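Chemist: Have a look at this one.
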Amino acid sequence: MPAYFYRLSPGRQRTYLKSDAIERLPFVPDTTTLDSAGNLMRALETGARPAVNDATGVLVADLCRRFAVPTVRIEVRDVRPRNTRGELHGIFFTRPPSIVLWMRTAQRHDVVKPKTFLRTLLHEVGHYLDYALLKLDDSFHTGGFFKRESFLVRALDPSAKPAARPARAEPPFLL
22 MPAYFYRLSP GRQRTYLKSD AIERLPFVPD TTTLDSAGNL MRALETGARP
72 AVNDATGVLV ADLCRRFAVP TVRIEVRDVR PRNTRGELHG IFFTRPPSIV
122 LWMRTAQRHD VVKPKTFLRT LLHEVGHYLD YALLKLDDSF HTGGFFKRES
172 FLVRALDPSA KPAARPARAE PPFLL
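In the working numbering, the protein residues as written are 22 to 196.
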């Protein structure tokens, strides 16, 4: 466990451990969702923020539909903010639930690589799902959280080999 775990309240420790124990989500992408992911990758190649924003919104709406949770608001902005610690790639706000992503690097203003953008998006969606689907009281960066994120990336990355995608639905997870 990370050192800060021992400074958490007992309730937050339980939430952390619950999150850490969940490594996959009950998800098999359908063709609509896979097409939405592919459309997002193509929109990123154009470098046009409105197209990327629209394609991101469609993919997030598809994911929310598949997980049977309310659709979270999404906004794609241009150049990442940065400070001495680095660049901000994306952020999830809990109230009201919303996600903000940046599509261009801070220094050179290049469009980020599609897989990087997809991973950032799914990272922030993962935080949303912690609250909306898993009903966790908080969304920690646990080992389980990062495994769920990677699971979603592998399932939705159009460049992944078909065999890497889940072939069947996973058994239900425990809440």
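Glycine residues also receive a C-beta, built at the ideal position from the N, C-alpha and C atoms. From a predicted model like this one, the values you see are computed outputs, not experimental measurements.
For F113, which of helix, strand or coil comes out of DSSP?
Modeler: Strand, per DSSP.
Chemist: Around the Cβ of P23, are there at least 16 other Cβ atoms within 10 angstroms (buried) or fewer (exposed)?
Modeler: Label assigned to P23: exposed.
Chemist: Quick check on DSSP: helix, strand or coil for R86?
Modeler: R86: helix per DSSP, three-state reduction.
Chemist: Grouping DSSP H, G and I as helix and E and B as strand, with all else coil, what is L177?
Modeler: Looking at L177 - three-state DSSP - the assignment turns out to be helix.
Chemist: My understanding is that F48 touches A176, with C-beta atoms under 8 Å, so please give their C-beta distance in whole angstroms.
Modeler: Indeed, because the Cβ distance is near 6 Å, the residues count as touching under 8 Å.
Chemist: Rounded to whole angstroms, what is the Cα-Cα separation between T115 and Y152?
Modeler: Looking at the two C-alpha atoms, the distance is approximately 8 Å.
Chemist: Taking V133 as the reference, give the member of G111, V146, P118 with the closest Cα.
Modeler: The option with the nearest alpha carbon to V133 is G111.
Chemist: Of all the options A82, L139, G147, D158, which has the alpha carbon lying nearest to the alpha carbon of E66?
Modeler: For the residues A82, L139, G147, D158, the minimum Cα distance to E66 belongs to L139.
Chemist: Using only alpha-carbon positions, find the residue among Q34, G165, L157, A69 that is nearest to D99.
Modeler: Answer by Cα proximity: A69.
Chemist: Rounded to a whole number of angstroms, what is the C-alpha to C-alpha distance between D41 and F166?
Modeler: Taking the straight line joining both Cα atoms gives about 6 Å.
Chemist: Do I95 and V81 have their C-beta atoms within less than 7 Å of each other?
Modeler: Yes, they are a contact pair.
Chemist: Look at the alpha carbon of G32 and the alpha carbon of K39, and state the distance between them as a whole number of angstroms.
Modeler: Whole-angstrom Cα-Cα distance: 11 Å.
Chemist: Looking at L109: is its Cβ nearer than 7 Å to the Cβ of P102?
Modeler: The answer is yes: Cβ separation under 7 Å.
Chemist: According to DSSP, is E38 part of a helix, a strand, or is it coil?
Modeler: Just to set this straight, residue 38 is Leu in the shown sequence, not Glu. In this structure, L38 counts as helix in the three-state DSSP scheme.
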